[in-house]
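Peer 1: Please read through the structure below; I'll follow up with questions.
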Ligand code: 13P
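Residue numbers (my numbering): 74 to 323.
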């Protein structure tokens with residue numbers, strides 16, 4: 074069976090002091106042994122989070138990385154090798170907040186590849202906007218975002234990756250996809266992978282993201298193709314995040 078994963082995307086939130094408080098709060102949580110837990114702090118707080126969480130079995134990841142694997146002349150960017158060097162294990166690729174800033178599938182293909190080459194686990198984020206959902210284009214949009222990686226590198230790369238389905242209209246809005254809406258998209262994602270390789274499809278973790286809270290996590294994580302969550306706002310509250318992690322362990 075797939076091991077559930079709950080990941081907290083802290084986005085551009087925090088100060089040195091609030092990060093210290095959040096780490097302290099996470100340290101008090103009883104985290105379930107059967108769940109992989111990860112956090113994605115802003116880059117400047119990654120080292121602080123890694124040091125503070127090293128005894129807690131909480132992996133730390135980056136929210137984004139450069140399109141180049143190694144170090145070099147790319148002002149303002151951080152390479153996946155550099156994130157790996159400081160102890161990151163994962164990296165988000167293609168969060169909708171970055172796609173909205175102009176990141177294309179072509180750029181994201183490169184980020185995905187260089188992240189894996191550097192030994193990081195990419196968490197590929199896919200999801201439709203409200204307009205696309207209302208136009209009935211959800212599966213087409215998500216299928217293209219996923220298909221871009223499959224066409225470029227083959228489906229086997231998902232043996233060492235995670236996929237997060239995050240409908241844009243549910244992010245930070247308090248509107249959550251119903252468990253059935255989320256399940257329908259997750260099942261389509263798994264079917265798209267299974268058409269190429271059933272074993273890879275069976276093994277890959279598919280996380281749901283979009284206003285996940287302790288109050289809705291049990292129902293969402295109870296769906297057959299939802300293997301955990303990528304949590305934004307609620308991951309900034311240690312007690313709430315701890316409860317969401319425990320919901321994945323049920
Ligand atoms: P919220 O949980 O705040 O809706 O954010 C979801 C998200 O974007 C996680 O990456």
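Cβ atoms here follow ideal geometry from the backbone N, Cα and C, with glycine treated the same way.
Bear in mind the structure is a predicted one, so any value in this text is a computation, not a measurement.
(1) Cβ of residue 244 versus every heavy atom of ligand 1: is any distance shorter than 8 Å?
(2) Alpha carbons only, please: which of 96, 258, 312, 175 is nearest the one belonging to residue 114?
(3) Does the contact criterion of 3 or more C-beta pairs under 8 Å hold for the segment 125-133 versus the segment 172-184?
(4) Mapping the DSSP letters down to three states, classify residue 301 as helix, strand or coil.
(5) Relative to the alpha-carbon of residue 269, which residue among 296, 228, 162 has its alpha-carbon at the smallest distance?
(6) Thinking C-beta only, is residue 163 closer than 9 Å to residue 126?
(7) Is residue 137 near ligand 1, going by C-beta to nearest heavy atom under 8 Å?
(8) Using CA atoms only, rank isn't needed, just tell me which of 306, 320, 315 is closest to residue 300.
(9) Between the beta-carbon of residue 237 and the beta-carbon of residue 303, is there less than 9 Å?
(10) Looking only at its own chain, which residues have a Cβ that is under 7 Å from the Cβ of residue 156, when we skip the five neighbours before and after it?
(11) Hey, how far is the Cα of residue 284 from the Cα of residue 175?
(12) Rounded to whole angstroms, what is the Cα-Cα separation between residue 188 and residue 225?
(13) Alpha carbon to alpha carbon, how far is residue 85 from residue 154? Give it in angstroms, no decimals.
(14) Based on the DSSP output, what are the partners of residue 198 in its beta bridges?
(15) Can you list, in chain order, the residues of its chain with a C-beta nearer than 7 Å to that of residue 276? Leave out the 5 residues immediately preceding and following it.
(16) Can residue 121 and residue 315 be called in contact, C-beta distance under 9 Å?
(17) Have a look at residue 145 and residue 119 and give me their C-alpha separation to the nearest angstrom.
(18) Using the C-alpha atoms, what's the distance from residue 190 back to residue 273?
(19) Which residues bound the alpha helix (DSSP H) around residue 113?
(20) Pull up the distance between the alpha-carbon of residue 123 and that of residue 92, whole angstroms please.
(21) Please tell me whether residue 111 and residue 151 are closer than 9 Å, where the distance is taken between their beta carbons.
(22) Check for me: the alpha helix (DSSP H) holding residue 220 runs from which residue to which?
Peer 2: Walking through what the data contain:
(1) yes
(2) 96
(3) no
(4) strand
(5) 228
(6) no
(7) no
(8) 320
(9) yes
(10) 135, 138, 164, 193
(11) 23 Å
(12) 15 Å
(13) 22 Å
(14) 237
(15) 75, 232
(16) no
(17) 21 Å
(18) 19 Å
(19) That residue, residue 113, is in no alpha helix (DSSP H); its beta strand (DSSP E) goes 109-113.
(20) 11 Å
(21) no
(22) 211-226
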